[in-house]
Amino acid sequence: MKIAVSSDMWTPLVETLFSELKKRGHEWEYFGPKENEENQDWPLVTMQASEQISRGACDEGIVLCWTGTGASIVANKTKGIRAALCVDAETAKGARKWNHANVLALSLRLISFAIMEEILDAWFSTDFDLDPWNQTQVKRVQYLDKEPDSQ
């Protein structure tokens with residue numbers, strides 16, 4: 743799977759994320775500063791990553807900023823994106839299972855290496871719930887992506 747990754751700042755957590763993705767057999771495309779580079783604007787790097795998913799160049803995304811909130815807000819402005827800010831494994835499982843989330847938002851401030859590993863384990867091992875009721879809920883969310891004049 744190819745993952746779009748963005749972060750507005752380079753931290754050891756970003757570096758560890760790349761190691762975790764590699765360990766799981768994923769490729770990634772990174773948007774953000776490299777080690778020893780200046781921080782970048784979180785709306786811009788998040789938008790770049792989200793657009794890669796929306797147009798099909800990447801399968802899913804992981805977006806990071808200090809709290810994770812800004813990155814999740816920006817990602818959710820992009821058509822076809824269902825981003826979830828997750829601070830623990832159970833939230834990640836629920837986001838995948840019931841919301842069919844395709845972008846994981848993480849907080850650079852809050853998430854430890856161990857918690858990130860647990861979240862990634864849950865994220866990548868949880869399938870979307872395909873029961874009819876849940877499918878209807880996801881379709882209702884997808885409907886919001888339509889242009890206002892086509893609704």
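Position in the sequence shown (from 1) plus 742 gives the number in the numbering used here. Glycine included, C-beta positions come from ideal geometry on N, C-alpha and C. As the structure is a prediction and not an experimental result, all values here were calculated from the model.
- For V805, the uninterrupted beta strand (DSSP E) run begins and ends at E802 to C807, by DSSP.
- Assigned with DSSP and collapsed to three states, F870 falls in coil, not helix or strand.
- Under the three-state reduction of DSSP output, L827 falls in the strand class.
- Under DSSP, K744 shares a beta bridge with E769.
- Around K821, the same chain offers S796 and D887 as residues with beta carbons nearer than 8 Å, after the five sequence neighbours per side are excluded.
- For S849, the pairing in a beta bridge is given by DSSP as C807.
- For a cut-off of 8 Å, the C-beta gap from C807 to D750 is around 5 Å, short enough to register as a contact.
- Between the alpha carbons of F866 and V805 lies a gap of roughly 15 Å.
- In summary, W875 is exposed, with fewer than 16 beta-carbon neighbours lying within 10 Å of its beta-carbon over all protein chains present.
- According to DSSP, S749 shares a beta bridge with L806.
- Within the same chain, and ignoring the five residues on either side of T753 in sequence, the residues whose Cβ sits closer than 7 Å to its Cβ are L850.
- Under the three-pair Cβ rule at 8 Å, the segment 756 to 774 does not count as touching the segment 823 to 834.
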